[in-house]
């Protein structure tokens with residue numbers, strides 16, 4: 001169980017930021033044992049009889065004091081009286097997706113991102129998605145490395161997909177960063193994506209895309225074009241749910257925490 005304490009009521013649709021007991025500068029606090037806190041991955045639900053919150057993120061927060069803390073960001077799905085100190089159960093109902101578009105022009109607002117939304121559109125055909133979030137960043141190794149680590153270790157997104165930066169250009173750094181970040185490579189995924197691309201163009205042979213796992217997340221590198229995104233992601237989607245289940249263990253266990 002996760003116990004939330006705070007003042008007043010929060011309306012459905014509003015965002016609630018929680019900290020551990022004693023945290024300064026947040027609306028409420030949370031208490032729960034380690035397995036419960038570990039289960040609070042992006043997209044999971046907190047419920048009584050019905051879901052009342054969805055987990056959006058678990059960021060490190062500076063707060064108003066000298067000491068920072070691990071926060072929990074929730075979206076209210078119903079009106080909740082925090083003064084009732086509700087005891088909530090963690091419930092997994094689907095998968096969470098984070099996509100990252102690497103584009104210098106896109107990050108400067110000079111180009112509309114069409115590949116990121118294509119990731120979501122394609123993924124929805126093979127996964128039951130409960131939460132999707134996207135980022136557009138420049139081709140910067142430091143930014144990509146820190147974002148991948150945050151999305152996997154803190155937020156706990158199930159699937160993290162990058163688009164762009166997989167070729168031979170001087171700013172194409174996505175495979176190097178991803179290769180150093182992942183703990184286990186998924187060569188079968190890499191080969192399936194390459195085979196799908198080669199059916200369309202021989203130029204696909206220069207792709208250096210990486211697929212692998214980081215903690216309980218799967219990370220995929222996809223090409224920068226919307227068409228390449230669709231072709232590559234469709235090549236591995238049939239195995240994605242099975243891969244996530246094996247990586248994370250029986251997802252039904254989440255409901256019992």
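Numbering (the UniProt record's numbering), first residue to last: 1 to 257.
Even glycine gets a Cβ: it sits at the ideal position worked out from N, Cα and C.
Which of helix, strand or coil does DSSP assign to residue 223?
Position 223 of the chain shown, counted from the start, is the residue given in the question as residue 223. Three-state result, residue 223: coil.
Alpha carbon of residue 21 to alpha carbon of residue 64, nearest angstrom:
In the chain shown, the residue the question calls residue 21 occupies position 21. In the chain shown, the residue the question calls residue 64 occupies position 64. Cα to Cα, residue 21 sits roughly 14 Å from residue 64.
In terms of alpha-carbon separation, which member of 192, 158 and 172 lies closest to residue 103?
Within the chain shown, residue 103 is the residue found at index 103, counting from 1. Closest by alpha carbon: 172.
Distance CB(residue 39)-CB(residue 69) smaller than 8 Å:
Indexing the chain shown from 1 puts residue 39 at position 39. Indexing the chain shown from 1 puts residue 69 at position 69. No, the pair does not count as a contact, with Cβ atoms beyond the cut-off.
C-beta atoms of residue 111 and residue 47 nearer than 8 Å
Locating residue 111 in the chain shown gives position 111, where the first residue counts as 1. Locating residue 47 in the chain shown gives position 47, where the first residue counts as 1. Not closer than 8 Å, so no.
Can we say the region 186-194 touches the region 202-216, given the rule of at least three CB pairs closer than 8 Å?
yes
Reducing DSSP to helix, strand and coil, say where residue 48 ends up.
Here residue 48 is taken as the residue at index 48 of the chain shown, counted from 1. The answer is coil: DSSP assigns residue 48 none of H, G, I, E or B.
Could I get the ranges of all uninterrupted beta strand (DSSP E) runs contained in the region 1-55, with 3 residues as the minimum, in chain order?
2-6, 15-19, 28-31 and 45-47
Look up residue 132 in the DSSP assignment and give the residues it is bridged to.
Residue numbering aside, residue 132 sits at position 132 when the chain shown is read from its first letter. Answer by DSSP bridge pairing, in chain order: 97.
From this set, 136, 95, 239 and 8, which residue's C-alpha is nearest residue 41's C-alpha?
For the purposes of this step, residue 41 is identified with residue 41 of the chain shown, where counting begins at 1. Answer by Cα proximity: 95.
Measure the C-alpha to C-alpha separation of residue 139 and residue 82 and round it to an integer number of angstroms.
Numbered from its first residue, the chain shown carries residue 139 at position 139. Numbered from its first residue, the chain shown carries residue 82 at position 82. Cα-Cα distance, rounded: 42 Å.
Which one of 66, 204, 189 and 200 has the shortest CA to CA distance from residue 220?
On the chain shown, position 220 is the one that residue 220 refers to. The option with the nearest alpha carbon to residue 220 is 189.
Own chain residues within Cβ distance below 7 Å of residue 215, not counting five before or after
Your numbering for residue 215 matches position 215 in the chain shown. The answer, listed in chain order, is 152 and 153.
Neighbour-count burial assignment, residue 99, 16 or more Cβ in a 10 Å radius
On the chain shown, residue 99 is found 99 positions in, with the first residue counted as 1. The residue is buried, with at least 16 neighbouring Cβ atoms inside 10 Å.
In angstroms, rounded to a whole number, what distance separates the CA positions of residue 274 and residue 67?
Because the chain here runs from 1 to 257, residue 274 falls outside it and cannot be looked at.
State the Cα-Cα distance for the pair residue 225 and residue 236, rounded to the nearest angstrom.
Translated into positions along the chain shown, residue 225 becomes position 225. Translated into positions along the chain shown, residue 236 becomes position 236. Those two C-alpha atoms are separated by around 17 Å.
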